[in-house]
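S.K.: Each residue of the sequence shown is one higher than the one before, starting from 1 at the first, in my numbering. Don't be surprised by glycine CBs; every beta carbon is placed ideally from N, CA and C.
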Amino acid sequence: MKRAKSIVSIAASIVTLFMSSCDSTGTVGYKPTVTGQSYELLVVGDQKVWKDSVGIRMKDSLTHEMPCMPQLEKFFDVSYSPTDGFTGILKPVRNILFYEIDPTMYTQSKMGASRDNWAETQAVIRITAPSKDSLEAFFNKNIELIRRFYINAENERVVRFFGKFRHADYCDSVRKRFGAELIIPSSLTQARFEKDFAWFSNGNPDFTENIVIYRIPYNDESDFMKDNLLYYRDSVMKAYVGGPSDGSYMTTRYEIMPPVSTVLPTVDGKYSVEIRGLWRIEGDIMGGPFVSRSYLDPENKNIITVEAFVYRPNKSKRSAYRQLEAMISSVKFKTQEKQEQ
């Protein structure tokens, strides 16, 4: 996993550098709550630039389809305002991206990020560039970082909201069984507990939201390889997540749209492995998207995987999927509490 560790080091450096520019630069005193729907993004800048090829490609990148979804789901819903039109009602919008081109002021492209400028939990990025070509090249180079900044902001809003509406009993059970602080929303009213496994669901057969957490023994770094994590996933899901008909069970869909994995840094200096993919029911026609995070526990003895998956046939899944993703991304591990076996 040497390559994985180097990826983590690079990613952590980028995140640290990027987030170090994040501060609150708006008005002092009372600030309203943000406006708009989740994953709405307002772009503000010169209208001529927005209408030409540079602006078109910027919009295409921001509205690009999310990976490993069964149908087209955009990263963001993008709207636009010219610079002189950005007044009043637009200032509290939740996510804003400014761009400015001025060869007399800038010799190279730069990006700055800030939070809470005109509203609480607001996320703002400003990109300055000396030319259209420079803006486009810089934007393309940093698109993943830009997306991640706004996604993280949305995740923080979700965690902040659902932290007030958590299922206290289920959260307590996860804490005791896995040594983990994980938000289980009160809307997930059904649960199944097995040794080293827990499954929480809203129980709605037409629009199912689910969080699963399970533990497997850790042997060495190869356990974090994608194929090995998926092998463990399929084994656990086959054992505990059944389908609607006798003998049916959950597994991973490998054809057409194979799962993808990403190594992510964690706050404790270790790393986690994120996997996105599609699930299906063996013996039935059900399916949908899933996202999981696998962590090495504080004692370095087990891998703990937290997964979210949804089922909502023929309808948008982005909002529910992203909300559950935010919750599993916020998991924290406790080293002091005695874990139940």
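Which residues bound the beta strand (DSSP E) around Asp60?
M.R.: The sequence position of residue 60 within the sequence shown is 60, counting from 1. Careful: Asp60 lies outside any beta strand (DSSP E), inside the alpha helix (DSSP H) at 53-62.
S.K.: Can you tell which of Leu324, Met257, Leu229, Glu282 has its C-alpha closest to the C-alpha of Ser245?
M.R.: For the purposes of this step, residue 245 is identified with residue 245 of the sequence shown, where counting begins at 1. For Ser245, the nearest C-alpha among the options comes from Glu282.
S.K.: Between Leu188 and Pro259, what straight-line distance do the alpha-carbon atoms span, to the nearest angstrom?
M.R.: As a working note, residue 188 is residue 188 in the sequence shown. As a working note, residue 259 is residue 259 in the sequence shown. Rounded to whole angstroms, Leu188 to Pro259 spans 26 Å at the Cα level.
S.K.: Count Cβ pairs between the region 60-75 and the region 103-114 that sit closer than 8 Å; are there 3 or more?
M.R.: No: fewer than three Cβ pairs fall under 8 Å.
S.K.: How about Phe75 and Arg192: are their beta carbons less than 8 Å apart?
M.R.: Taking the sequence shown and counting its residues from 1, one reaches residue 75 at position 75. Taking the sequence shown and counting its residues from 1, one reaches residue 192 at position 192. Not in contact: Phe75 and Arg192 (Cβ atoms no closer than 8 Å).
S.K.: Using only the alpha-carbon positions, how far apart do Glu120 and Ser114 sit?
M.R.: As a first step, residue 120 must be located in the sequence shown, where it is residue number 120. As a first step, residue 114 must be located in the sequence shown, where it is residue number 114. Cα-Cα distance, rounded: 12 Å.
S.K.: Between the beta-carbon of Val263 and the beta-carbon of Lys132, is there less than 8 Å?
M.R.: Translated into the one-based positions of the sequence shown, residue 263 becomes position 263. Translated into the one-based positions of the sequence shown, residue 132 becomes position 132. No.
S.K.: Assess, as a yes-or-no matter, whether the region 163-173 is touched by the region 78-85 under the definition of 3 or more beta carbon pairs within less than 8 Å.
M.R.: no
S.K.: Suppose you measure from the CA of Ser330 to the CA of Ala129; what does that come to, to the nearest Å?
M.R.: Here residue 330 refers to the residue found at position 330 when the sequence shown is read from its first residue. Here residue 129 refers to the residue found at position 129 when the sequence shown is read from its first residue. Each residue's Cα considered, the two are about 35 Å apart.
S.K.: What's the gap between the Cα of Leu324 and the Cα of Ala308?
M.R.: One-based indexing of the sequence shown puts residue 324 at position 324. One-based indexing of the sequence shown puts residue 308 at position 308. Distance between the alpha carbons of Leu324 and Ala308: 6 Å.
S.K.: Could you tell me which residues DSSP pairs with Asp77 in its beta bridges?
M.R.: Residue numbering aside, residue 77 sits at position 77 when the sequence shown is read from its first letter. Looking at the DSSP assignment, Asp77 forms a beta bridge with Glu40.
S.K.: Out of curiosity, what's the CA-to-CA distance linking Val291 and Glu194?
M.R.: On the sequence shown, residue 291 is found 291 positions in, with the first residue counted as 1. On the sequence shown, residue 194 is found 194 positions in, with the first residue counted as 1. Their Cα atoms are separated by approximately 21 Å.
S.K.: In angstroms with no decimal places, state the Cα-to-Cα distance between Ile89 and Pro185.
M.R.: Residue 89 sits at position 89 when you count from the first residue of the sequence shown. Residue 185 sits at position 185 when you count from the first residue of the sequence shown. Between Ile89 and Pro185, the alpha-carbon positions lie close to 32 Å from each other.
S.K.: Any idea if Tyr214 is buried or exposed, counting beta-carbon neighbours within 10 angstroms, 16 or more meaning buried?
M.R.: The count along the sequence shown starts at 1 and reaches residue 214 at position 214. Tyr214 should be labelled buried.
S.K.: Which class does Ser261 belong to by DSSP, given the choice of helix, strand or coil?
M.R.: Taking the first residue of the sequence shown as position 1, residue 261 is located at position 261. Ser261: strand per DSSP, three-state reduction.
S.K.: Which of the three DSSP states, helix, strand or coil, is assigned to Lys301?
M.R.: Within the sequence shown, numbered from 1, the residue matching residue 301 stands at position 301. DSSP places Lys301 in coil when its eight states are reduced to three.
S.K.: Just to confirm, are Thr35 and Val93 a CB contact at a threshold of 8 Å?
M.R.: On the sequence shown, residue 35 is found 35 positions in, with the first residue counted as 1. On the sequence shown, residue 93 is found 93 positions in, with the first residue counted as 1. Yes, they are a contact pair.
S.K.: Would you check if the distance between the CB atom of Lys317 and the CB atom of Gly288 is smaller than 8 Å?
M.R.: One-based indexing of the sequence shown puts residue 317 at position 317. One-based indexing of the sequence shown puts residue 288 at position 288. Pairing Lys317 with Gly288 gives a Cβ-Cβ distance under 8 Å.
S.K.: To which residues of the same chain is Asp52 closer than 8 Å at the C-beta, ignoring the five residues directly before and after it?
M.R.: Your numbering for residue 52 matches position 52 in the sequence shown. Contacts found: Lys132.
S.K.: If the criterion is Cβ atoms closer than 8 Å, does the pair Val310 and Tyr295 meet it?
M.R.: Walking along the sequence shown from the start, residue 310 turns up at place 310. Walking along the sequence shown from the start, residue 295 turns up at place 295. Cβ atoms of Val310 and Tyr295: not closer than 8 Å.
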